[in-house]
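Using the working numbering, the letters of the sequence shown correspond one by one to residues 1326 to 2025.
Backbone N, C-alpha and C fix where the C-beta goes; we use that ideal spot for every residue, glycine too.
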Amino acid sequence: MSFGLITILTLLAIHASVMPVYSAAPVILEEILVEGEKVPPSKDILSVREVRESPARDLGEALAALPGVEMVRKGTIANDVVLRGLQRDNINVLLDGTRVQGGCPSRMDPPAFHFDFAEIDSIEVTKGPYDLSHSGSLGGTINAVGKTPSPGSSVDAVLTYGSFDLLHASLSGSYATKSSFATLGYAYKYSLPTESGDGRRITDIYPEASKNRYREGDRDSRAYDIHTVWAKGETEISGNSRTRLDIAYQDAGHVLYPALLMDAEYDRTLRLNSLTTIDRALGLEDIELQLYWTGVDHLMHDEFRESSRPSMAVTRDYMMQTDADTSTFGLRLGGEREIGYGVLSIGLDSLFRNWDAVNRSAMFQAYAAQPMIPDVDLNQVGIYAEYVRPTGENARIKGGVRLDYADIDANRLNRERLTTLYEPYHGDGLETSADFVRSSGYLQWSWSPLDRLEVLAGVASASRMPDPQEMFIGLERRPTMMMPKTTAWIGNPGLDPVRNNQADLGIKYSGGSFVVNAALFYSRIDNFIELADFSDPDGPELATLPPARSYRNIDALFYGGELSGQASLPASFYLGGSVALTRAENRATDEPLAEIPPLTGTLALRYDSGTWFVELLERMAARQDRVDKALNETETPGWATTNIKAGLSFDSWSLMAGVNNLFDRDYFSHLSYQRDPFRSGVRVPETGLLAFVTLAYYFR
Ligand SMILES: [Cu+2]
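If you want it as structure tokens, here you go:
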């Protein structure tokens, strides 16, 4: 490995002496300037540089670099994004404005899992419910922005190799003129199971007696194996309109999830997205019509685990299996118009989703098919209007309203199953369908009292619908000798929509060479959908039904904030750092909510000449002792890790090498406590020392 590296370095050195040296100003200084001037205090942007320099396996890992963003780990890859303690449907994770919903009821394939880094230019994070153009942006919106090539031809080739045989390779090429472009790309990702700081493989975390442990031959099998292909094209239709078409297919195979009871055989995704823009028509400007469709086909099972060993009951290759698929069709239309001193934007945002998952288990009526997500249709149509106008010299006010109608229908949930499985826990009179009308709105005021100072204050109230899983998941499971702690999983068809009433204050101070950003938020969430255990209402003596895990509406309080800064020091040094804190509690009991990240922080020192850089990054998390004891959540000790990386770039090439978790610390993220369905209860450690080398060629 080291010899190979030296050879590459020598070759690059020779190459550099012949070719003109890349002479742009350090990109990081430009980022500080851009953040100082263009990014509002309520927004964070993970730049293309950070994406390229990161050895992250997915968006979850990459975004954890931003203050207030965390991830839930279930395995080596497929980390779920958490924003200010809110996760799942409480936040929106989008790709170019499209929704790529996962098929797995255990979140094996969260939205960000379905696209590759190589497709992405930057990732924008809007904290708080200030995005009315996408339904359900209750806690915030994370939008990955796809690459748009500049005129001419371009090639991007990136190869990363690292510990545990990590291999990430991507190749994409584009040709663009002023009015049109075409892109073709392919990416491959592969790795063996990682090891934690104590040298244990992620597949070795189970005690010998556990039925959930990986079979001997599968402990060192692939942790994931993912192919992604994509094609994009844009063309001018007329002098004032363009249309763009993106198509992508991803085949993820053999993905291991040690936190769960099953692993993915496959997760196949097809994405189609078209965007037509018209400069001016019907009295509106910048009209956008977006139509998209995403479909996911997913199969998971326990074939790699001891639980699938043949026995009296286990007569197939698996003891349990879930076959899931989902598709989402979206239609969005928007435009704007100058009115008075300001600009009015109006739009339509609609979404039609179907989700179906069938579970088969040896423990339930000898592999009888169980409608786990019972073929649920969710239709949602929303309209919104936003208005922004200046108020005086250095201030502006922005506000908007949105109205949503949604209906949800569980097609394969019959009356009998509703009566026998759902009503014992949630009372009589439940329905297999529901509809909702809800409104959302916000008011945001930004003011720049001094040249370098920007203040942003906002109040918002936003609503999201309960999702098909929260309302209708149904998995009858009874405790057995083998799995005495098994609970059933039952949705709550009586759930109400969630409403977040939030206030925000952001202050940004920027000089030419530094920027400091502070954000505070206070959020009262009514009907927050919380996980809870429900037992047979007849009491323990007469109980005929097993305990069930389900959902309920509670009133919650979230508050906290982030402080971050970046500065250019003398002699091409740069210093950056951040702290973030979220606190969350049940307003009725004052008890902490589950799965809330502890106080976290980062500190980074970088030398960057524009041609080469070295960066030292310290990541820290405090102990989290605010836990939900009712869900048996346990405390997590604090930790700190050190990452180091260095790289050089010239002409079209760049070479980078680094080590994450340099001191091989053994630690857990508090959010590694992944919840059911199919949670094994064993915590998945974070990765120990991970060394990597990235060679990239960016031809323009
Ligand atoms: Cu799954």
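Taking methionine 1644 as the centre and dropping the five residues before and after it, the same chain places the C-beta of Asp1627, Ser1632, Ser1633, Ala1687 closer than 6 Å to its C-beta, in chain order. Assignment of alanine 1955 by DSSP, reduced to helix, strand and coil, places it in the helix class. Buried is the label assigned to proline 1818, since at least 16 other Cβ atoms lie within 10 Å of its Cβ. Distances taken from the Cβ of threonine 1594 to the heavy atoms of ligand 1 include none shorter than 8 Å. At least 9 Å separates the beta-carbon of glycine 1453 from that of arginine 1657. Secondary structure at glutamate 1628: coil, using DSSP grouped into helix, strand and coil. With the rule of 3 Cβ pairs closer than 8 Å, the stretch 1791 to 1804 does not count as touching the stretch 1467 to 1484. If you draw a straight line from the Cα of arginine 1777 to the Cα of asparagine 1719, it comes to about 12 Å.
Here the distance from the Cβ of histidine 1623 to the nearest heavy atom of ligand 1 is below 8 Å.
Assignment of beta-bridge partners to alanine 1913 by DSSP yields no partner. Counting along the chain, the unbroken alpha helix (DSSP H) around glycine 1385 starts and ends at 1384 to 1388. From the listed residues Thr2012, Thr1619, Gly1461, the smallest Cα separation to aspartate 1729 is found for Gly1461. In the structure shown, asparagine 1826 adopts extended strand secondary structure according to DSSP, grouped into three states. Of all alpha-carbon atoms in Pro1430, Met1433, Asp1414, Ser1431, the one lying nearest the alpha-carbon of arginine 1424 is that of Asp1414. Between isoleucine 1562 and the set Arg1538, Phe1506, Gly1783, Asp1550, the nearest pair of CA atoms involves Phe1506. DSSP places aspartate 1642 in the coil class of the three-state scheme, outside both helix and strand. With respect to glycine 1725, glycine 1659 sits apart: the two C-beta atoms are not nearer than 9 Å. Contact annotation: isoleucine 1551 and isoleucine 1467 have beta-carbon atoms that are not nearer than 9 Å. In this chain, proline 1518 is not harboured by any beta strand (DSSP E), its DSSP state being neither H nor E.
Across the structure, leucine 1371 and glutamine 1949 are spaced so that their CA atoms are roughly 26 Å apart. In the structure shown, proline 1774 adopts extended strand secondary structure according to DSSP, grouped into three states. For proline 1749, the three-state secondary structure derived from DSSP is helix. Counting C-beta pairs with one atom in each stretch, the stretch 1487 to 1494 and the stretch 1567 to 1578 have fewer than three that are closer than 8 Å, which means they do not touch.
Residue pairing for isoleucine 1832: DSSP places it in a beta bridge opposite Val1780, Ala1843. With respect to the 9 Å criterion, valine 2009 and alanine 1589 are not classified as neighbours on the basis of their beta carbons.
Linking serine 1431 to glutamate 1779 through their CA atoms gives a straight-line distance of about 42 Å. Residue burial annotation: valine 1480 is exposed, with fewer than 16 other C-beta atoms found within 10 angstroms of its C-beta. The beta carbon of phenylalanine 1859 sits closer than 6 Å to the beta carbons of Tyr1750, Ala1873, Ser1875 from its chain, once the five residues preceding and following it are set aside; these are given in chain order.
Of the other Cβ atoms in all chains shown, fewer than 16 fall within 10 Å of the Cβ of tyrosine 1666; this residue is therefore exposed. Remark: the C-beta of aspartate 1650 is outside contact range of ligand 1, defined as less than 8 Å to any heavy atom.
Here the stretch 1955 to 1975 makes no contact with the stretch 1882 to 1890; the two share fewer than three CB pairs at distances below 8 Å. Methionine 1396 and leucine 1856 do not touch by the CB rule: their CB atoms are close to 19 Å apart, not below 8 Å. With contacts defined as CB atoms closer than 9 Å, arginine 1931 and valine 1939 qualify as a contacting pair. Using a Cβ distance threshold of 9 Å, alanine 1782 and leucine 1830 count as a contacting pair. Across the structure, arginine 1802 and alanine 1694 are spaced so that their CA atoms are roughly 13 Å apart. Cβ contact annotation for arginine 1605 (same chain, cutoff 7 Å, sequence separation greater than five): Asn1565, in chain order.
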